[in-house]
Each structure stands twice: as C-alpha cells, then as structure tokens.
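So the structure is just underneath, and the comments pick up after that.
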Amino acid sequence: MPADATAHVRIARPSRNLGAAERFWVAGLGLDVQYRHEADGTPGHHSLLMAGWPDAAWHLELVHDPAAPVEPRPTPEDLLVIYLGEPVPETLVERLEQHGGTRVPAHNPYWDTWGVTLQDPDGYLLVLSTRTWSSSAD
C-alpha cells in the first residue's frame, strides 16, 4: 500500500492506567475496543488497548509497560481533534466527564470558539470541534 490518503493511521500513546483510558475513550467517547492485550510479566511485553470506530482510517493505541512504565508527557498543543460539523452535544461532554475527562480551556482560543476541549486521564487533549474539515483549499 502506498503512503497516501488510503493508509490507515495509528496514534500510539503511553498510558498510566489502561482501565481509566478505556473508560474515557470507549465508554465516554464511544470508540470500540479493536484489540486488547494484557502483559504477562515477560520483560519488554506491553499491555495494549486499541480503540477506534469501525471502518475509520485511524485508531488509538494506548500502551502500558508494567515493568518499565513511560509517563505520558502531552503538551498544550498535542490535540486529537474530531470535527463534528455540528454543535457539540452537551450530553457527550457530560458523558466524557463522567468517564474521567475534564473540560479545560484550550491553549489556543481558536478551539474555545470552535469546540470543546477535554483532557483525558493521561493528560492528552481531545477537541470536539463544531467545524467540518476538508483537505481542499477553500
């Protein structure tokens, strides 16, 4: 497969707690668990949680190595933006908060104008944008 628009994208991130991450991304946002692996104690083996929507061209891979955990180090500009193309349902924001998310002001005020920013249990930022996205220049 060529490296083009048809290529699937995996966004891999370390996680402190895969259970908390799963509550946020799966029970909160509504992603499906696509794969799960629990580390068996073998050095170098990681616990994994892959979550995404069926037929989406991307998924999250959340990783935890119990023998040598990597601390998540997100910055204010590490954003996962989901373009909804409509107002952000308050029920979705509430569900994300009930499942471990925290609504936060965006580092860039653009996102406060055009969406809602939530911090996941590992400190990564999810923006639910009211805008749409097109890769064509308008």
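The opening residue of the sequence shown carries number 6 in this note's numbering; numbering runs sequentially from there.
Every residue gets a Cβ at the ideal spot worked out from N, C-alpha and C, and that includes glycine.
Here the structure is a predicted model, which means the values were calculated and not measured.
Residue i versus the options, residue with shortest Cα-Cα distance
i: G105; options: W30, V14 and W116; result: W30
i: D37; options: T47, G46 and A26; result: A26
i: Q103; options: T118, H50, A17 and P126; result: P126
i: Y40; options: L65, W138 and D60; result: L65
i: G128; options: D117, P81, S52 and I87; result: P81
i: I16; options: P7, P48 and L54; result: L54
Rounded Cβ spacing between residue i and residue j (contact assumed at less than 8 Å)
i: V98; j: G120; result: At roughly 10 Å, the Cβ-Cβ gap does not stay under 8 Å, so V98 and G120 are not in contact.
i: L130; j: D83; result: 6 Å
i: A56; j: H13; result: Their Cβ separation, rounded to whole angstroms, is 14 Å, which puts A56 and H13 out of contact at 8 Å.
i: L147; j: L34; result: Nothing about residue 147 can be reported from this structure: the residues present for the chain run from 6 to 143 only.
i: L123; j: R108; result: 5 Å
Contact set for residue i: own chain, Cβ-Cβ below 6 Å, skip 5 residues either direction
i: P19; result: V68, V75 and P77
Same chain only: Cβ atoms within 8 Å of residue i, ignoring 5 sequence neighbours per side
i: T96; result: none
Between the CA atoms of residue j and residue i - distance to the nearest angstrom
i: S52; j: P79; result: 20 Å
Exercise for the section: Could you pull out every unbroken beta strand (DSSP E) segment of at least 3 residues lying fully inside the region 92-120, listed in chain order? Expected result: For the region 92-120, the full-length beta strand (DSSP E) segments reaching 3 residues or more read 107-109 along the chain.
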